[in-house]
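A short write-up of the structure that comes next.
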Amino acid sequence: MSLTDYSRKRRFAKTPEPPPAEPAEQGNRFCVQRHHATRLHYDLRLEVGGVLKSWAVPKGPTLDPAEKRLAMMVEDHPYEYGSFEGTIPKGNYGAGSVMLWDRGTYELLGDLPAKQQLERGDFKFLLHGQKLQGEFAIVRMKNRGKGNEWLLLKKKDEAADPGWDAEQHSRSVLTGRTQEEIARNMPAAGTTHRAKRT
Ligand code: MN
Numbered sequence: 082m083s084l085t086d087y088s089r090k091r092r093f094a095k096t097p098e099p100p101p102a103e104p105a106e107q108g109n110r111f112c113v114q115r116h117h118a119t120r121l122h123y124d125l126r127l128e129v130g131g132v133l134k135s136w137a138v139p140k141g142p143t144l145d146p147a148e149k150r151l152a153m154m155v156e157d158h159p160y161e162y163g164s165f166e167g168t169i170p171k172g173n174y175g176a177g178s179v180m181l182w183d184r185g186t187y188e189l190l191g192d193l194p195a196k197q198q199l200e201r202g203d204f205k206f207l208l209h210g211q212k213l214q215g216e217f218a219i220v221r222m223k224n225r226g227k228g229n230e231w232l233l234l235k236k237k238d239e240a241a242d243p244g245w246d247a248e249q250h251s252r253s254v255l256t257g258r259t260q261e262e263i264a265r266n267m268p269a270a271g272t273t274h275r276a277k278r279t
């Protein structure tokens, strides 16, 4: 668990992303960010050992248990990244808009501590998010790529929802904004109108 790679890729005077910090107290937060970088993707982050273990999920997470979603493990992120939303300026690593798409807590499932489940490449967890709920597993694919290719799977349970599509749930859980509003650094459209009506 180290934030060395995270720091090496970023210049904190030039990006609004949080600088590295001491690992947080042990907790069990998770978040998903919708990141419109060169390619649109989602970033799943699970707190383990005070940092956020992170995977880029090109098609995003789903509640559909028939879908397997490719998830590329990326560098650990600092705990503070779990509340980040904003725009990474051009010329910086990951330049583009970042939406806090979901957040909440997770329960570790299975019989081993979190670090051991990651080491063996089979991590089982239950999400309590605003959008994502229920049991998931993220499993490392053997003999593929650089060893950073995993699959994100939804287990069959009461939260399973065949055909569920992340793109139909595409507003920020932090601000209610669309990706476009975040990219333009605007408030959520309609917030003032809504205030007038009530
Ligand atoms: Mn990303």
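FYI, the numbering for the sequence shown is 82 to 279, going by the numbering used here.
Cβ coordinates follow ideal geometry from the N, Cα and C atoms, glycine included.
**Any non-hydrogen atom of ligand 1 within 8 Å of Q260 CB** = Counting from one through the sequence shown, the residue named residue 260 turns up at place 179. Q260: no, Cβ never under 8 Å from ligand 1.
**Prompt:** Given a threshold of 16 other Cβ atoms within 10 Å of its Cβ, counted over all protein chains shown, does D238 qualify as buried or as exposed?
**Reply:** As a first step, residue 238 is located in the sequence shown; it is residue number 157 there, counting from the start. Burial call: exposed.
**Item:** Boundaries (first-last residue) of the beta strand (DSSP E) holding A152
**Value:** Here residue 152 refers to the residue found at position 71 when the sequence shown is read from its first residue. Annotation: the continuous beta strand (DSSP E) that includes A152 extends over K149 to P159.
**Prompt:** Taking contact to mean at least 3 C-beta pairs separated by less than 8 Å, is the segment 109 to 125 in contact with the segment 87 to 98?
**Reply:** no
**Asked** CA-CA distance, L151 and E188?
**Response** For this step, residue 151 is matched to residue 70 along the sequence shown. For this step, residue 188 is matched to residue 107 along the sequence shown. Near 22 Å, if we compare the C-alpha coordinates of E188 and L151.
**Message:** So within the segment 199 to 238, which uninterrupted beta strand (DSSP E) runs reach at least 3 residues, ignoring any that extend past its ends?
**Reply:** 203 to 210, 214 to 221 and 230 to 235
**Request:** Take L255 and list the residues in its own chain whose beta-carbon comes closer than 6 Å to its own, dropping the five residues that flank it on each side.
**Result:** The residue given as residue 255 occupies position 174 in the sequence shown. If we look at L255 and ignore the five residues flanking it on each side, its Cβ neighbours are E166 and L181.
**Asked** Beta carbon of Q214: closer than 8 Å to some heavy atom of ligand 1?
**Response** Here residue 214 refers to the residue found at position 133 when the sequence shown is read from its first residue. Because no heavy atom of ligand 1 lies under 8 Å away, the Cβ of Q214 does not count as near it: no.
**Cβ separation of Y162 and G131, assumed to be a contact under 8 Å, to the nearest whole Å** = For the purposes of this step, residue 162 is taken as residue 81 along the sequence shown, with counting starting at 1. For the purposes of this step, residue 131 is taken as residue 50 along the sequence shown, with counting starting at 1. That pair is no contact at about 12 Å.
**Request:** Quick one: using the 10 Å Cβ neighbour count with 16 as the cut-off for buried, is R225 buried or exposed?
**Result:** As a first step, residue 225 is located in the sequence shown; it is residue number 144 there, counting from the start. Result: exposed.
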